[in-house]
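**Q**
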Amino acid sequence: MTESATSNLEARDVASVLHPATNLAAHREQGPLLIDRGEGVYVWDRQGRQYLEGLAGLWCTALGYGEKRLAQAAYDQMTSLSYSHLFGGKSHEPAVRLAEKLKEMAPFDATKVFFGNSGSDANDTQIKLIWYTNNALGRPEKKKIISRQRGYHGVTLGAASLTGLPAQHRDFDLPIERVLHTDCPHYYRGAEDGESEEDFASRLAANLDALVEREGPETVAAFIAEPVMGAGGVIVPPRTYFEKIQSVLKKHDVLLIDDEVICGFGRTGNVFGAETFGMNPDTMSVAKALSSAYLPISAVLIPEFMEEALVDSSRKIGIFGHGYTYTAHPVCTAVALRNLEILEEENLYEHAATVGRHLQQRLCKVGEHDLVGEVRGVGMIGAAELVEDRASKKPFDPARGVGAQCARFCEQRGLILRPLGDTVAICPPLIITEAQVDELFDKLEGALDDTLDWLSTTA
Ligand SMILES: Cc1ncc(COP(=O)(O)O)c(C=O)c1O
């Protein structure tokens, strides 16, 4: 493209691109931040400014940017078999090897792996497979899925319904029927005066129990949870939470869907978030770090009883009527496989656990800043919630856009983080070094000071 054709890309973006998860009215005025290239944990914009990518893109670029071994894996696969599908029983080696690898890694007895293109479609698949299974098992009324307020599970019709955030529902006429939401496990905001974390967890489990009883256990099929809620504000569950929730689920024969789309592959200090929080999932969704976002791919892992139910239905219906053109795309599966190999070969799970401890120490110190009400995190994920008054936990008026302003100050200092309301989220590539974690926090602390100054002039 000539220089004149690429110039003013900002205006051309505003004229032609519909942006996801963006204030579209503000975008018309402000235009895009155009990112040009990336290497390691850094990206550069078109003016050549360098940023530390403190959110790993969208919680996904585990191996960082510019990893040539993944480019090579894609090149090799594209030049040997660029496309093949799995419909009608066809298969190919990368699909088989990646499914085997995921089964071997899974924190539960998974017998089958279904591939998709995104975390959203993986969670839609979860809903469909659970409904289909319960029809096959002769309990067609057992269909409701319970999710949690502030959980994030994606934006397709089913996944957006599971998501417990107003912006994903309002004016989209969602959620769909048969999706229910229970409490968000956020101790800082949700606990009553004097309530311990354990008591808070007990109360939430009792509320879940009451919800299932009210709805009728024979109508409730599954409960979906991220080990750590990501886009809902990086909510780390209170102590004993999953243990207590799981005993309610067990009592009512309700399945646990583990949404590992952010937590999977090293984010929380173990390979899966389920291991960090003592979850015993029945099924699992993975995406994002599965390929370090070099190509889009997701997977749903299911246990034997679901597999058998699906097989029985095929005897009756003649076909398993679900799947995408790009289910187990050979290039995506080959790249994901190579990505998982590199994570193991380079001991990146151990690296993430070690550097994650340093990250949590630095995060703890951020908790002393005048603007910060709470810091929370585990392993390589964390967040700082900005408040107007630390003692009373009083939040800022959302209209002031304090979190977004803090993220802009971070950008000015060469750091990309993600504002979730007034919570600033941190989730760097797993390859980040301790020195780079220090760079991240030095910049964040500077941006928090900038935000305090800005608040004092705009009060
Ligand atoms: C926990 C979780 N589940 C599902 C999704 C949806 O994934 P995608 O955006 O790939 O559809 C996300 C995306 O951020 C997520 O964080």
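Numbered per the numbering used here, the sequence shown spans residues 8 to 466.
Just so it is clear, CB atoms sit at the ideal spot from N, CA and C, and this is done for glycine as well.
#1: Going by DSSP, what residue range makes up the alpha helix (DSSP H) through Ser23?
#2: For a minimum of 3 consecutive residues, which ranges assigned as the beta strand (DSSP E) are wholly contained in the stretch 219-243?
#3: Can you have a look at Val219 and say buried or exposed, based on whether 16 or more other CB atoms are within 10 angstroms of its CB?
#4: Can you tell me whether His336 sits near ligand 1, meaning its C-beta is under 7 Å from at least one heavy atom of the ligand?
#5: Considering only heavy atoms of ligand 1, does any lie closer than 7 Å to the CB of Ala306?
#6: Taking DSSP as the reference, what is the three-state secondary structure of Gln156?
#7: Please check the pair Lys97 and Ser91, which I expect to be a contact at CB under 8 Å, by giving their CB distance rounded to whole angstroms.
#8: Can you find the residues in the same chain that come closer than 8 Å, C-beta to C-beta, to Thr9, ignoring five residues on each side of it along the sequence?
#9: Would you give the residue range spanned by the alpha helix (DSSP H) that Arg76 belongs to?
#10: As an exercise, report each continuous alpha helix (DSSP H) stretch of at least 4 residues that is fully enclosed by the stretch 305-388, in chain order.
#11: Would you grab the beta carbon distance between Gly240 and Arg157 for me? Rounded to a whole angstrom, and I think it's under 8 Å.
#12: Just to confirm, does Glu233 get its C-beta within under 7 Å of one of the non-hydrogen atoms of ligand 1?
#13: Alpha carbon to alpha carbon, how far is Leu181 from Ser23? Give it in angstroms, no decimals.
#14: Please say whether Ala398 and Thr430 have beta carbons closer to each other than 8 Å?
#15: Would you report the Cα separation of Leu59 and Gly126, rounded to the nearest angstrom?
#16: Cβ of Trp66 within 7 Å of any heavy atom in ligand 1?
#17: So, is Val373 buried or exposed, given that buried needs 16 or more other C-beta atoms within 10 angstroms?
#18: Whether or not the stretch 225-232 and the stretch 245-264 are in contact is what I'm after, with contact meaning three or more pairs of Cβ atoms, one per stretch, closer than 8 Å; do they touch?
#19: Using beta-carbon positions only, say whether Val394 and Gly380 come within less than 8 Å of one another.
#20: Spell out a yes or no on whether the stretch 418-434 and the stretch 443-453 are touching, meaning 3 or more CB-CB pairs, one atom from each, closer than 8 Å.
#21: For a test of the three-state rule: what should DSSP assign to Phe284, helix, strand or coil?
#22: Let me confirm a value: Asp460 is counted as buried when at least 16 other C-beta atoms fall within 10 Å, else exposed. Which label applies?
#23: Beta-carbon separation of Leu93 and Gly330 under 8 Å?
#24: Please identify the residue among Lys323, Pro245 and Leu302 whose C-alpha is closest to the C-alpha of Gly285.
#25: Between the Cα of Val103 and the Cα atoms of Gln79, Arg44, Val338 and Gly276, which residue gives the shortest distance?
#26: Hey, could you find the ends of the beta strand (DSSP E) Ala432 is sitting in?
#27: Just checking my contact of Thr458 with Ile388 at CB under 8 Å: how many whole Å lie between their CB atoms?
#28: Please report whether the beta-carbon of Glu111 lies at a distance below 8 Å from any beta-carbon of chain C.
#29: Would you list the one or two residues that DSSP bridges to Gly123?
#30: Per DSSP, what kind of secondary structure is Ala198 in: helix, strand or coil?
#31: Where does His26 land, buried or exposed, given buried means 16+ other C-beta within 10 angstroms?
#32: Could you tell me the distance, in whole angstroms, from the CA atom of Pro192 to the CA atom of His99?
#33: Could you give the residue range of the beta strand (DSSP E) that holds Thr189?
#34: What's the C-alpha gap between Phe403 and Ser305?
**A** Looking at the atomic coordinates:
#1: Locating residue 23 in the sequence shown gives position 16, where the first residue counts as 1. Leu16 to Ser23 is the span of the alpha helix (DSSP H), which, as asked, contains Ser23.
#2: 227-232
#3: For the purposes of this step, residue 219 is taken as the residue at position 212 of the sequence shown. Val219 is buried by the Cβ-count criterion.
#4: Taking the first residue of the sequence shown as position 1, residue 336 is located at position 329. No, ligand 1 has no heavy atom inside 7 Å of this Cβ.
#5: Stepping through the sequence shown from its first residue, residue 306 is reached at position 299. No - ligand 1 has no heavy atom lying nearer than 7 Å to the Cβ of Ala306.
#6: The residue you call residue 156 lines up with position 149 of the sequence shown. DSSP places Gln156 in coil when its eight states are reduced to three.
#7: Locating residue 97 in the sequence shown gives position 90, where the first residue counts as 1. Locating residue 91 in the sequence shown gives position 84, where the first residue counts as 1. Indeed they touch by this definition, with Cβ atoms about 6 Å apart.
#8: Translated into the one-based positions of the sequence shown, residue 9 becomes position 2. Low confidence applies here, because Thr9 scores a pLDDT of 43, under 50, leaving its location unreliable; read the following figure in that light. Cβ within range, chain order: n/a, list empty.
#9: Counting from 1 along the sequence shown, the entry for residue 76 is found at position 69. Taken as a continuous stretch (DSSP letters only), the alpha helix (DSSP H) holding Arg76 covers Lys75 to Ser87.
#10: Taken in chain order, the complete alpha helix (DSSP H) segments of 4 residues or longer contained in the stretch 305-388 are 311-324, 337-352 and 355-373.
#11: The residue labelled residue 240 in the question sits at position 233 within the sequence shown. The residue labelled residue 157 in the question sits at position 150 within the sequence shown. Indeed they touch by this definition, with Cβ atoms about 6 Å apart.
#12: Here residue 233 refers to the residue found at position 226 of the sequence shown. Flag set: Cβ of Glu233 near ligand 1.
#13: Taking the sequence shown and counting its residues from 1, one reaches residue 23 at position 16. Taking the sequence shown and counting its residues from 1, one reaches residue 181 at position 174. One C-alpha to the other measures close to 27 Å.
#14: On the sequence shown, residue 430 is found 423 positions in, with the first residue counted as 1. On the sequence shown, residue 398 is found 391 positions in, with the first residue counted as 1. For Thr430 and Ala398, no; Cβs fall outside 8 Å.
#15: For the purposes of this step, residue 59 is taken as residue 52 along the sequence shown, with counting starting at 1. For the purposes of this step, residue 126 is taken as residue 119 along the sequence shown, with counting starting at 1. When rounded, the distance between both Cα atoms is 25 Å.
#16: Your numbering for residue 66 matches position 59 in the sequence shown. Yes, ligand 1 has a heavy atom inside 7 Å of this Cβ.
#17: As a position in the sequence shown, residue 373 is number 366, starting the count at 1. Under this definition Val373 is a buried residue.
#18: yes
#19: Numbered from 1 along the sequence shown, position 387 holds the residue referred to as residue 394. Numbered from 1 along the sequence shown, position 373 holds the residue referred to as residue 380. When the beta-carbon positions are compared, Val394 and Gly380 come within less than 8 Å of each other.
#20: yes
#21: Position 277 of the sequence shown, counted from the start, is the residue given in the question as residue 284. In the displayed model, Phe284 falls within a helix according to three-state DSSP.
#22: One-based indexing of the sequence shown puts residue 460 at position 453. Answer is exposed; the Cβ neighbour count stays below 16.
#23: Within the sequence shown, numbered from 1, the residue matching residue 93 stands at position 86. Within the sequence shown, numbered from 1, the residue matching residue 330 stands at position 323. Cβ atoms of Leu93 and Gly330: closer than 8 Å.
#24: Looking up residue 285 in the sequence shown gives position 278. Per the Cα distances, Pro245.
#25: Residue numbering aside, residue 103 sits at position 96 when the sequence shown is read from its first letter. Checking every option, the nearest Cα to that of Val103 belongs to Val338.
#26: One-based indexing of the sequence shown puts residue 432 at position 425. Residues Thr430 to Ile433.
#27: Your numbering for residue 458 matches position 451 in the sequence shown. Your numbering for residue 388 matches position 381 in the sequence shown. The pair is not a contact, with the Cβ atoms about 22 Å apart (cut-off 8 Å).
#28: Of the protein chains in this structure there is only one, and it is not chain C.
#29: In the sequence shown, the residue the question calls residue 123 occupies position 116. DSSP output for Gly123 lists Ser305 as bridge partner(s).
#30: Locating residue 198 in the sequence shown gives position 191, where the first residue counts as 1. Here Ala198 sits in coil by DSSP.
#31: Position 19 of the sequence shown, counted from the first residue, corresponds to residue 26. When all chains shown are included, His26 counts as exposed.
#32: Position 185 of the sequence shown, counting from 1, holds the residue named residue 192. Position 92 of the sequence shown, counting from 1, holds the residue named residue 99. Going by the C-alpha atoms only, they are around 42 Å apart.
#33: In the sequence shown, counting from the first residue as 1, residue 189 sits at position 182. Counting along the chain, the beta strand (DSSP E) containing Thr189 begins and ends at Val186 to Thr189.
#34: Position 396 of the sequence shown, counting from 1, holds the residue named residue 403. Position 298 of the sequence shown, counting from 1, holds the residue named residue 305. Approximately 37 Å between the Cα atoms of the pair.
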